[in-house]
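Per full-length UniProt numbering, the sequence shown runs over residues 1 to 640. Glycine residues also receive a C-beta, built at the ideal position from the N, C-alpha and C atoms.
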Amino acid sequence: MIKITLPDGSVKEFQSSITPLDVAKSISEGLARNTISALVNGKQVEVTTPITEDSTVQILTWNDDFGKKAFWHSSAHLLAQAILEYYPNAKLTIGPAIESGFYYDVDFGDQVFSEKDFEKIEKKILENAKKNSTFRLYPVSKKEALETFKGNEFKEELIANLEDGSITFVTHDNFTDLCRGGHIPSTGIVKAVKILNAAGAYWRGNEKNKQLVRVYGITFPKQKELTEYLERIEEAKKRDHRKLGKELQLFTFSERVGAGLPLWLPKGAKLRQKLIDFLGAAQQKAGYEIVATPHIGHKDLYVTSGHYEKYGADSFQPIKTPNEGEEFLLKPMNCPHHCEIYRSAPWSYKDLPKRFAEFGTVYRYEQSGELHGLTRVRGFTQDDAHIFCTPDQLIGEFENVIDLVLYTFKSLGFSDFTAQVSLRDKDNHSKYIGSDENWEKAESAIKKAALEKGLPTVVEYGEAAFYGPKLDFMVKDALGRSWQLGTIQVDYNLPERFDLHYIGSDNEKHRPVMIHRAPFGSLERFVAILLEHTGGELPLWLSPEPFILLPISEKHIEYAKKVLKLMENSDICGRLDERNEKTGKKIRDAEMNKIPYMFIVGDKEAESNTLSIRKRGGEDLGSFSLEDALSFMKKETSKP
């Protein structure tokens, strides 16, 4: 008999060589009918995989993330099968599941694959899916694998890097592919498909390799779910921050300035500054001290910190001085600079914690193909801070930062989030610096703080920073998409590398612990996510233009200027539309620019010192005295 432990902690006993499907049937026939994959001891397997020893088992349906992964991974095989039926000379490479759907990278040779081919591929996928073919995973020798894919240099390269005895194929219908496993039981449960895009992609992500065609697709077990998904995609297009940024005149890019280097326009700069002021005020209340550091640093600084070793390939190349032969780097991170600020003075345990904060701009060389609006840039400003504290202060300081992050999210309308405990890769510690002892202390502190604050958490291995584990906040936006915002990191390693000290109560030198934190992450990425979350309809206190004055005719402009001055004197900045246009057009333009309030002034308003206020969306709020209008706008634009 073997013991099977289920996710709720219950244990069931079975005869040896049962399968996950047998486990599902023992729970309920309904669950068995909906089972499409399983996790056995954390590894994703087919539902027919024999279990021969005591194991933990999680049954997966379409409603589970790993269930969708198996569904979309299997669908990638259906895509590859369909492509080969129309393009028999095409060479297949890899086809994984991704967050939403899947892709397959294909070398089409001299043949052209474009959007006009999408429909026939979709029809062929559904035609093959209806055959209800079983996915069969089986081992093959290295020799057999190489023989099967002879002439496909991409598959040959993959196979050459695998150990003999570890290679498996999967077959469904008349199609066979190299694969590690993790499939749905059969093709019949794939009921709806959409080919989403075809784009260029270099083999193994290396621009020196051959360019392939990456065909993106998505499938669902019901047509209704595909329809809903496509509706969300259309809504996402409307909310694309690049589109909104252009329409609302917030930011732009220039090839002359350089790809991935955003230029903030006046309205965008106002929005950016409002975010800085908001977090700056919260930081001041929390005891942070503002510092400022240069945009470059000596190469030795980043060698000491470990950033040169770990990030060197993603950094801009060193700047060499003309005469002395020194090398400087554009700053990839702010933390080494803050370590040097701490190191500039002696500290006692009575002085700690020291909390240094900076909106510091950093630079990293991203591949041109990876740049994407404000979410992936080469120059960005982090809302960075570093706390240097005693070990006894660590948990309290960490929890205070959690409070600051939660306050930020609440103020900006992000209520759906999960805290991800990002730890080291279990099997590969070479990516990280520092001793196992320091890592274990840091990981323990994060887990304890998250538990004490009652945060909903998940654990992800391999997602830690190279110098320490993290608590990353994964936030869902209005469309249900998940984004990583806000991060808090515990670091025992940089204080060692920079030889940082404080004098303890025993009058001896001690090493401080360092907390890295950034509630926004970066201003650029945060603004992009905020725009897409709100559809450009920002909270009023963040709006670059909370109101616009719309004089009905030229003779009302002087009165409108008086109103504008009144508002500006109370730090409520808006704009006057002096164009010789009809009021209806001015209102439509203000709506398009998502301006929250329109102040309409004509003869009646000018004679009675009043305003007619219209809210974005068409609601007429009526007539206000100037005093009441000012009081109303002060209340509306006040920070949370």
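Does DSSP classify residue i as helix, strand or coil?
| i | result |
| --- | --- |
| residue 645 | Nothing about residue 645 can be reported from this structure: the residues present for the chain run from 1 to 640 only. |
| Leu340 | Position check: residue 340 holds Glu in this sequence, whereas Leu was assumed. Helix, per DSSP. |
| Lys130 | coil |
| Gly287 | coil |
| Val401 | helix |
| Ser315 | coil |
| Arg575 | strand |
| Lys541 | Looking at the sequence provided, one finds Trp at residue 541 rather than Lys. If DSSP states are grouped into helix, strand and coil, Trp541 belongs with the helices. |
| Arg424 | coil |
| Phe169 | strand |
| Thr93 | coil |
| Thr293 | coil |
| Phe632 | helix |
| His372 | strand |
| Tyr432 | coil |
| Asp110 | coil |
| Asp277 | helix |
| Leu178 | strand |
| Ser305 | helix |
Buried or exposed: which applies to residue i, given that a residue is buried once 16 or more other Cβ atoms fall within 10 Å of its Cβ?
| i | result |
| --- | --- |
| Ser543 | buried |
| Ala160 | exposed |
| Pro50 | exposed |
| Lys285 | exposed |
| Asn609 | exposed |
| Glu207 | exposed |
| Leu479 | exposed |
| Thr321 | exposed |
| Ser368 | exposed |
| Leu263 | exposed |
| Met1 | exposed |
| Glu289 | exposed |
| Asn209 | exposed |
| Val45 | buried |
| Met592 | exposed |
| Ser430 | exposed |
| Pro519 | buried |
| Ile319 | exposed |
| Gly454 | exposed |
| His295 | exposed |
| Lys91 | buried |
| Arg33 | exposed |
| Thr35 | buried |
| Leu451 | exposed |
| Gln211 | exposed |
| Gln58 | buried |
| His372 | exposed |
| Gln15 | exposed |
Over what stretch of residues does the alpha helix (DSSP H) that includes residue i continue unbroken?
| i | result |
| --- | --- |
| Phe71 | 65 to 86 |
| Ile529 | 523 to 534 |
| Met333 | Segment: none, Met333 is in no alpha helix (DSSP H) and carries neither H nor E. |
| Ser26 | 20 to 27 |
| Tyr559 | 557 to 568 |
| Arg588 | 583 to 592 |
| Asp603 | 603 to 608 |
| Leu158 | 153 to 160 |
| Leu146 | 142 to 148 |
Spell out the partners DSSP gives residue i in its beta bridges.
| i | result |
| --- | --- |
| Cys389 | Val513 |
| Met598 | Ile548, Arg614 |
| Lys320 | Glu327 |
| Lys476 | Ser482 |
| Ala419 | Thr457, Phe473 |
| Phe380 | Val362 |
| Ala518 | Thr487 |
| residue 676 | Given that the chain is displayed from residue 1 to residue 640, the structure contains no residue 676 and the question cannot be resolved. |
List the endpoints of the continuous beta strand (DSSP E) containing residue i.
| i | result |
| --- | --- |
| Gly360 | 354 to 363 |
| Ile488 | 482 to 491 |
| Ile296 | 296 to 298 |
| Val106 | 101 to 107 |
| Phe624 | 619 to 625 |
| Leu137 | 136 to 139 |
| Thr187 | It is not in any beta strand (DSSP E) - Thr187 carries neither H nor E in the DSSP assignment. |
| Asp164 | Looking at the DSSP string, Asp164 is not in any beta strand (DSSP E), and its letter there is neither H nor E. |
Does any residue of chain C have a CB that is nearer than 8 Å to the CB of residue i?
| i | result |
| --- | --- |
| Pro456 | Protein chain content of the structure displayed is limited to a single chain, and chain C is not contained in it. |
Going along the chain, which unbroken runs of the beta strand (DSSP E) with 3 or more residues stay wholly within the stretch 191 to 262? Secondary structure remark: continuous beta strand (DSSP E) runs of at least 3 residues inside the stretch 191 to 262, in chain order: 192 to 202, 211 to 220.
Taking the runs of the beta strand (DSSP E) that are 3 residues or longer, which of them lie wholly in the stretch 441 to 473? 457 to 461
What runs of the alpha helix (DSSP H), each 4 residues or longer, lie entirely inside the UniProt domain "TGS" (1 to 61)? 20 to 27, 29 to 34
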